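For the record, in the sequence shown the residue sitting at position 391 is 391 according to the UniProt record's numbering, with numbers rising by one throughout. No residue lacks a Cβ here, since even glycine has one placed at the ideal position from N, Cα and C. The structure displayed is predicted, hence computed values, not measured ones. Presented below is the structure to which this report refers.
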Amino acid sequence: MSTKRYAVCGLSNRGLAAFVHPLMGLTGGRADGVLGYGGVSDDLSGSAQVVALVDSDPRRLDGFNAQLRAAGAAELPRYSPDAFDRMIDEAAPDAVIVTSPDSTHEAYIVAALARGVEVITEKPMVSSAAAARSVLAAERDSAAGVRVTHNLRYARTHREIKRMILGGAIGAVTRVTLDYHVDVRHGASYFTRWNRQRAHGGLAVHKCCHHFDLVTWLVGQEPVEIFGYGALNYYGPRSPHRPRVPAGPDGGGGADASAGPPTADPYLPGLRATGVVADGAGGQARTGLFGLPYAEQYPADRPMYIYDDAIDIEDTYSAVVAYAGGASLGYSIDFSSTWEGYRLGISGTHGSIEMLHGRGLDGEPLPGSDTIALAPLFGERSTVHVDAPSGEHAGADPEMRRDLFVGQSAESRELGLAASSLEGAWAVALGEGLWRSCVEHRPFTVAELLG
Ligand SMILES: NC(=O)c1ccc[n+]([C@@H]2O[C@H](COP(=O)([O-])OP(=O)(O)OC[C@H]3O[C@@H](n4cnc5c(N)ncnc54)[C@H](O)[C@@H]3O)[C@@H](O)[C@H]2O)c1
């Protein structure tokens with residue numbers, strides 16, 4: 001069987017876990033937990049080959065090649081971002097996989113399309129509506145195309161709901177409610193990473209794009225307009241949780257030394273548990289899931305803390321989205337919740353669908369999680385429980401990888417699981433429309449954002 005050649009741009013946590021390791025067949029896991037990602041079940045080395053790595057941090061590239069050497073595997077050719085064209089000449093990839101920070105996607109996508117090379121990009125496709133416009137224009141001028149890894153579509157529960165809608169179980173969709181909760185650990189972790197700044201798009205684009213894409217895909221209508229409110233309520237210098245102690249973890253900034261009895265940071269134990277804040281004196285660059293240092297992105301002498309002044313995004317949103325076919329979405333999210341997951345409700349002209357997906361801080365599923373309730377308007381309500389694997393985004397990632405790297409399944413074609421650049425652009429536009437709506441206090445149409 002012939003294997004397709006892939007270059008990975010961005011040796012990120014996500015790039016390693018979702019693409020490099022499975023594509024290289026590093027699925028077994030090792031005692032040191034570095035090569036091989038415990039949760040990855042699929043070995044795609046029979047149909048895919050990683051032929052080059054691009055990253056702006058040479059220490060991460062060196063570190064990964066050292067891991068390969070130690071495992072007796074061949075090192076991979078490695079390139080800096082400005083050597084992208086040379087990489088295409090030398091490595092001759094069939095496609096590039098873009099897994100760098102959101103604000104850096106546009107440059108790779110546009111450069112690959114200009115060379116006629118296929119693109120698979122992580123969500124969000126890009127970090128702004130202007131960048132989405134430039135990708136759509138570049139794709140129009142290229143023989144190659146763009147696929148966006150909107151993996152949430154692939155969760156078993158969502159496929160089941162999409163099948164119900166396509167089968168006419170609730171008639172024409174009229175409204176959706178999606179109430180999303182990101183828990184205190186996961187939520188706080190974003191505010192110690194690049195995601196916390198608008199220059200990278202912010203969480204309205206980075207995180208909410210998942211949810212906007214999911215709803216747009218389920219509803220099957222084009223998004224037209226968004227209006228929302230939002231604020232920074234939990235993190236940043238004015239957080240009500242900001243401790244009154246002299247310094248944050250590792251001497252990090254942000255602690256409020258003003259009058260009042262000393263208090264401790266309530267987020268800190270969770271942040272330490274997620275590994276994004278080191279325990280102790282520091283002095284070393286943070287490492288990600290795979291023991292590779294983020295020497296450039298998170299240098300040891302510039303610790304990030306959740307109360308820093310540099311945070312310039314919101315952590316709470318409520319929004320309304322209008323769709324072209326008359327449906328509407330009521331959406332809300334916050335990034336400091338006591339549980340992780342969401343309540344989804346979809347009403348149609350002939351019935352409704354409801355589902356809860358969630359787990360508590362103890363990691364246990366909430367009662368009723370992943371049970372879909374289908375209620376015809378004038379008939380018997382029924383429920384179906386969907387068993388979802390716990391890892392890899394409830395099993396969505398391996399399904400998506402099979403589609404991307406082995407071949408699109410009949411189910412994928414029937415449900416329209418693969419996300420196009422236009423769908424990627426809609427999700428980005430809704431994300432930008434949301435935060436701009438918070439700032440400018442007016443609705444934004446997708447047409448004005450995407451041109
Ligand atoms: N689909 C999902 O469920 C999912 C989950 C997590 C992350 N993501 C996406 O994956 C991507 C990576 O996110 P992450 O949190 O894993 O990243 P990360 O912070 O772990 O790593 C970022 C990597 O990119 C490198 N980098 C920085 N600038 C670069 C540039 N210009 N060119 C090449 N490399 C550069 C850094 O050195 C680092 O190796 C993002 O687009 C994110 O939105 C998707």
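In chain order, what residues of the same chain lie with their CB nearer than 6 Å to the CB of residue i, ignoring the 5 residues before and after it?
i    : result
A138 : V110 and L113
A130 : none
R5   : Q49, V51, P93 and D94
R442 : none
V384 : I372
D256 : R242 and R244
G33  : With a pLDDT of 49 at G33, under the threshold of 50, the modelled position of that residue is not reliable, and no figure is offered here.
G15  : V8 and T99
A281 : Confidence is the limiting factor: at A281 the pLDDT is only 44, short of 50, which leaves the residue's position unreliable, though a coordinate-based value still follows. Closer than 6 Å at the Cβ level, and outside the excluded window around A281, lies no residue.
H150 : K123, D213 and A419
I333 : Y180 and Y317
A388 : R156, D370, A394 and G395
V439 : none
L329 : V176, V215 and V321
Can you tell me which of the options puts its alpha carbon nearest to the alpha carbon of residue i?
i    : options                   : result
A74  : D55, T149, T445 and N65   : N65
G416 : G358, I165, V96 and V446  : I165
Y79  : V8, R436 and L422         : V8
G236 : D62, G288 and I313        : I313
L374 : F405, R244, P262 and I353 : I353
D57  : S332, R436, L292 and A324 : L292
S2   : G15, S47 and M24          : S47
A396 : E414, D387 and Y154       : Y154
R59  : G288, H186 and A388       : G288
Y267 : D183, F378 and D362       : D183
P367 : S382, W339, G379 and E392 : W339
T192 : P303, G431, T263 and K162 : P303
G220 : L430, K162, Q197 and P101 : K162
D362 : L136, R185, S382 and V406 : R185
L218 : L178, P398 and L61        : L178
G270 : Y190, D308, L344 and Y298 : Y190
W194 : L430, G433, G345 and D308 : D308
F405 : L23, Y294 and V386        : L23
Report the CB separation of residue i from residue j in whole angstroms; it is logged as a contact under 8 Å.
i    : j    : result
S127 : H200 : 6 Å
Y234 : D315 : 5 Å
D213 : A427 : 4 Å
A285 : A300 : 5 Å
A327 : T174 : 6 Å
S390 : G187 : Not really, about 20 Å apart at Cβ, beyond 8 Å.
V215 : V176 : 5 Å
S142 : G167 : That pair is no contact at about 37 Å.
E423 : V148 : 7 Å
Under 7 Å: does the beta carbon of residue i sit that close to some heavy atom of ligand 1?
i           : result
E122        : yes
T192        : no
T274        : no
D256        : no
H393        : yes
C9          : yes
G15         : yes
E225        : no
E380        : no
G288        : yes
V54         : yes
R86         : no
H357        : no
R60         : yes
S12         : yes
residue 464 : No statement about residue 464 is possible, as the shown extent of the chain runs from 1 to 451 and does not include it.
H206        : yes
P376        : no
E296        : yes
D183        : no
P81         : yes
Does the beta-carbon of residue i, which I'm using as the reference point, lie nearer than 7 Å to any heavy atom of ligand 2?
i   : result
V20 : The ligand content of the structure shown is limited to ligand 1, which means ligand 2 is not among them.
Apart from the five residues just before and just after residue i, which ones in its own chain have a Cβ nearer than 7 Å to its Cβ?
i    : result
A172 : G348 and T349
E118 : D94, A95, A144 and G145
F19  : V8, I97 and T99
E296 : S56 and D57
S258 : R244
S103 : S127, A199, H200 and G201
Under 8 Å Cβ to Cβ from residue i, same chain only, skipping five residues before and after it: list those, please.
i           : result
residue 458 : The structure shown does not extend to residue 458, since the chain is modelled only from 1 to 451, so the question has no answer here.
P365        : G358 and R359
L68         : L35, A74, E75 and L76
residue 527 : Absent from the structure is residue 527, since the part of the chain shown begins at 1 and ends at 451.
G379        : G351
P262        : P243, R244 and V245
R133        : A425, L450 and G451
For this session: Determine contact between the stretch 355 to 366 and the stretch 217 to 232, defined as no fewer than three beta-carbon pairs at a distance below 8 Å.
Result: no
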